[in-house]
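Heads up: the sequence shown runs through residues 3 to 471, numbered per the working numbering.
Even for Gly, the Cβ is constructed at its ideal location relative to N, Cα and C.
Okay, structure first, notes after.
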Amino acid sequence: MKRLITTLLLAATTPLLAQQHSEQSFGYVAPKDPAVQQKLKQWQGIKFGLLMHWGTYSQWGIVESWSLCPEDEGWCERKGPYSKDWYEYKKAYEAIPQQFNPVKFNPDRWATAAKNAGMKYVVFTTKHHDGFCMFDTKQTDYKITNTPFGTNPKANVAKEVFKSFRDQGFMVGAYFSKPDWHTDDYWWSYFPPKDRNSSYAPKKYPEKWNKFKQFTYNQIEELMSDYGKMDILWLDGGWVRPFSTIDSTVSWQKTIPFDQDIDMANIAKMARSHQPGLLVVDRTVTGEYENYVTPEQSIPDKALPFPWESCMTMGDSWSYIPKENFKSTRKLIHTLVDIVSKGGNLLLNVAPGPDGEWHEEAYQRLEEIGKWMNVNGEAIYETTAVSPYQSGKWAYTQKGSTMYALYRAEEGEKLPASLEIPVLEKGQSVQLLGSKESLKSKDKTVTLSDSFRKKVKESPVYVFKLMKK
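What follows is the structure, encoded as structure tokens:
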């Protein structure tokens, strides 16, 4: 029966291009704490990070958590032998840990691959909305150490991931879902859930809600005190928020029925008592606990006047699916350049499978990105956005008095004999990154000799360094 369930559900993969909660308003509040300001500046300089969605849902190869949600949305669709009965489905879903045994789990390999790609921070899913914990929490038995993998020396997965990446020099972040669809203090079994929200009105049952608040506080404190140095607390599930923060102009926020305040001020204070300077990212809840903004699966049309990060998938899905449709290396590098030229960071998601490994194609993409970054990384790291940001195939970044013009080439496109750089000014020298040769220029046009062009390897993006002589 387990094999039948797995076979049927592997076919039930749901792409996550539908954004469950990507819309958000932009009323940014800058942090006042000097330690947070310093950390935020450091984070803005590193530009490129890795996000990993991983939980027991990878065993079935389905969308993370959302198939449990009783909403009539594409990403909540249930398939398989229990799909017609929500209660039976939830029972089967919550039994997945009995067979979850990711014996190929090797976070050192992930960290090495990410580092070689030029990534410099990681955000790992410690708990998604389904409530399953990828860390050894003391608040519930619904956790990774209570599976067949629990006897493995690396069973406390989150701790191992954080250590491996920290050892490679990464900034480390913990993804944590504020809603928890497993605990009876959020989806109270007395009232069957109607949607993603709490199944009861917190104001009407304050004792129940206070238990949930304490449960959430305790789990976050575990992560902030027992898992080494932490740089980012990345909170998802923006419908868990004070009612006063709901933005009625944002479509999904209109559906939040009542106040779900978990006292972020108290949580942030506690978290920073353990982790001074911690960046708190209470996604979509505009205010002092959203230290940077996180558009999901999208890139703003223009540069934004505050810290931001696009979180995007390398393939189609946040979670593991057996046959993933990975974006091309060219597309991924163009995406990074697009984001950085507008002043943002890219947090790129790769999903481990039930055996604890990535698709080999994901490793290949990171290796190819790394080759480009080894040559052109100086136009990415520690740069700032500079007007006009982009024009046509060009994108621009700046570092001090040096400006970089990044030409986003199409598939098979090679450098022409002459190229107009719209931002090139009189008196600037021009150099193509990867070459020490100074290029001839007149007005805004750079001339490239045949011999020079033959030496230049094809690239998804050609980067020209513009310097004052």
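Legend entry - Inter-stretch contact at 8 Å, needing at least 3 Cβ pairs: the region 305-321 / the region 265-276: no
Legend entry - Length of the line joining the Cα atoms of Met121 and Gln44: 14 Å
Inset, instruction - Apply the 10 Å Cβ neighbour rule to Asp340 and answer buried if 16 or more other Cβ atoms are within range, or exposed otherwise. - result: buried
Legend entry - Under 8 Å between C-beta atoms of His55 and Trp320: yes
Inset, instruction - At 4 residues or longer, and completely inside the region 156-208: list those alpha helix (DSSP H) runs for me, N to C. - result: 159-169
Legend entry - Leu426 to His276 span [Cα, whole Å]: 48 Å
Inset, instruction - Mind the definition here: the region 106-118 touches the region 68-88 only if three or more C-beta pairs lie below 8 Å; say whether that holds. - result: no
Inset, instruction - Using alpha carbons as the reference points, say which of Asn347, Thr288, Val432 lies closest to Ser300. - result: Asn347
Legend entry - Member of His130, Met375, Tyr30, Ser443 whose CA lies at the smallest distance from the CA of Tyr464: Met375
Legend entry - Whole-angstrom distance between Phe151 and Asp357, CA atom to CA atom: 10 Å
Inset, instruction - Quick one: grab the DSSP three-state call for Tyr406. - result: strand
Legend entry - Beta-carbon spacing of Thr449, Ser420 below 8 Å: yes
Inset, instruction - Give a yes or no on whether the C-beta atoms belonging to Gly57 and Phe134 are separated by under 8 Å. - result: yes
Legend entry - Paired residues, beta bridge with Glu298 - DSSP: Cys313
Inset, instruction - Could you spell out the range, first to last residue, of the alpha helix (DSSP H) harbouring Asn376? - result: 362-378
Legend entry - C-alpha gap between Thr385 and Pro204, whole angstroms: 45 Å
Inset, instruction - Can you grab the Cα-Cα spacing for the pair Phe137 / Pro33, in whole Å? - result: 29 Å
Legend entry - Of the residues Arg243, Val252, Arg274, the one placed nearest Phe260, counting alpha carbons only: Arg243
Inset, instruction - Determine the contact status of Asp125 and Leu434, defining contact as a CB-CB distance below 8 Å. - result: For clarity, residue 125 is Val in the given sequence; the question names Asp instead. For Val125 and Leu434, no; Cβs fall outside 8 Å.
Legend entry - Residue of Tyr391, Ser403, Ala115 minimising C-alpha distance to Glu370: Ala115
Legend entry - Coil, strand or helix - Leu281 by DSSP: strand
Legend entry - Residue from Leu225, Gln40, Ile64, Ala94 whose Cα sits closest to the Cα of Lys129: Leu225
Inset, instruction - Hey, could you find the ends of the alpha helix (DSSP H) Lys117 is sitting in? - result: 109-118
Inset, instruction - May I ask which residues mark the beginning and end of the beta strand (DSSP E) holding Pro36? - result: Note, Pro36: premise wrong, no beta strand (DSSP E); alpha helix (DSSP H) at 36-48.
Legend entry - Cβ shell of Trp211 (< 7 Å), same chain only, five flanking positions each side left out: Pro204
Inset, instruction - Ignore the nearest five residues each way along the sequence and tell me which others in Tyr291's own chain have a CB closer than 6 Å to its CB. - result: Met266, Ala270, Val282, Asp284
Inset, instruction - For the region 146-162 and the region 87-94, state whether three or more C-beta atom pairs, one from each stretch, are separated by less than 8 Å. - result: no
Inset, instruction - Kindly indicate which three-state DSSP category Thr149 falls into: helix, strand or coil? - result: coil
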